[in-house]
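Inspection log for the structure reproduced underneath, given as structure tokens.
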Amino acid sequence: MLCGQSAYAQVGGMNQRKGGEDFYFINKLLNLGRYYELTSTTVYPSPRESNRVPFGTGKAVGDLLKQKTGWRTYQIESFLWLQEVINLLSELYHAKNSEMPLLTNNVHPALMFFLQQCNWQAKVEEIKRNVSSEENFKKRFYQWLDPLLLVKYFNSVHDARFQKQPVLAQAKQLLQHARLPDIDRKQNLMGTLEVFRGLDKQKISIFT
32 MLCGQSAYAQ VGGMNQRKGG EDFYFINKLL NLGRYYELTS TTVYPSPRES NRVPFGTGKA
92 VGDLLKQKTG WRTYQIESFL WLQEVINLLS ELYHAKNSEM PLLTNNVHPA LMFFLQQCNW
152 QAKVEEIKRN VSSEENFKKR FYQWLDPLLL VKYFNSVHDA RFQKQPVLAQ AKQLLQHARL
212 PDIDRKQNLM GTLEVFRGLD KQKISIFT
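Numbering (the numbering used here), first residue to last: 32 to 239.
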């Protein structure tokens with residue numbers, strides 16, 4: 032990853048003494064916008080194992096090396112639950128505060144429990160008071176529902192209701208959910224990865 036001097040200063044730099052500093056730094060940068068994908072070079076991350084902190088890439092590499100069943104990921108259902116809330120953003124912006132609980136009646140109870148733990152309705156009300164358009168409301172909402180909070184959500188529902196599943200199986204299920212063509216010929220992990228990279232380059236959204 033790389034960033035300009037002004038962006039680095041704007042987010043207060045990157046902490047060098049705590050684990051996960053790269054994740055937290057990128058999380059702060061995302062809120063500034065104007066980020067891009069570089070496809071003109073290839074980066075090969077070091078596959079080193081590390082126990083310096085109880086999370087992050089080093090620990091993930093160690094966990095993967097110990098597993099016999101391959102790398103596992105979050106179940107697609109947890110993403111589909113989240114989509115239910117995303118689809119309601121326009122209605123939430125235009126709704127009265129008293130109407131918000133009714134709007135979320137069909138959101139899965141496990142997701143609603145997590146959002147309530149995060150005091151989500153008060154946060155939505157606060158955002159609405161400080162924006163003048165639906166576009167800005169959505170932007171501020173996504174700044175609140177940032178990657179760090181999403182990781183907490185996925186871990187929460189997988190501790191309570193799900194078990195992580197093989198990456199390839201969930202990737203194929205996601206493509207099938209999106210009803211994308213030509214996925215049956217991609218029977219291996221690298222072939223499926225190529226499909227997702229192609230979707231990324233074409234800026235095709237799977238969750239619509």
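Positions of the beta carbon are idealized from the N, C-alpha and C atoms, including for glycine. Here the structure is a predicted model, which means the values were calculated and not measured.
The DSSP-derived three-state label of T223 is helix. For A141, the CB contacts under 6 angstroms within the same chain, skipping 5 residues up- and downstream, are V188, R192 in chain order.
Following the DSSP letters along the chain, one finds F110 inside the alpha helix (DSSP H) bounded by residues 107-117. Straight-line measurement puts the Cα of P197 at about 12 angstroms from the Cα of Q98. Around the beta carbon of S164, fewer than 16 other beta carbons lie within 10 angstroms, which makes this residue exposed. In this structure, the straight-line span from the alpha carbon of L206 to that of L230 is close to 10 angstroms. The residues K59, in chain order, have a CB closer than 8 angstroms to that of G43 in the same chain once the five nearest residues on each side in sequence are set aside. For M45, the CB contacts under 6 angstroms within the same chain, skipping 5 residues up- and downstream, are E52, F56 in chain order. Contact annotation: the region 118-128 touches the region 168-176, with at least three C-beta pairs closer than 8 angstroms.
A distance below 8 angstroms separates the beta carbons of L63 and Q41.
According to DSSP, residue pairing for R103 in a beta bridge involves P197.
Only residues of its own chain outside the window of five on either side were considered, and among them G87, T88, G89, K90, V92, G93 have a CB closer than 8 angstroms to the CB of S81, listed in chain order.
Here the alpha carbons of V182 and Q233 stand approximately 26 angstroms from one another. Residue environment analysis places S109 among the buried positions, since at least 16 neighbouring C-beta atoms fall within 10 angstroms of its C-beta. When DSSP states are grouped into helix, strand and coil, Y124 belongs to the helix group. Sequence-distant Cβ neighbours of W112 in its own chain, meaning closer than 8 angstroms and more than five residues away, are V138, H139, A141, L142, V188.
Per DSSP, Q233 is not a residue of any alpha helix (DSSP H), being assigned neither H nor E.
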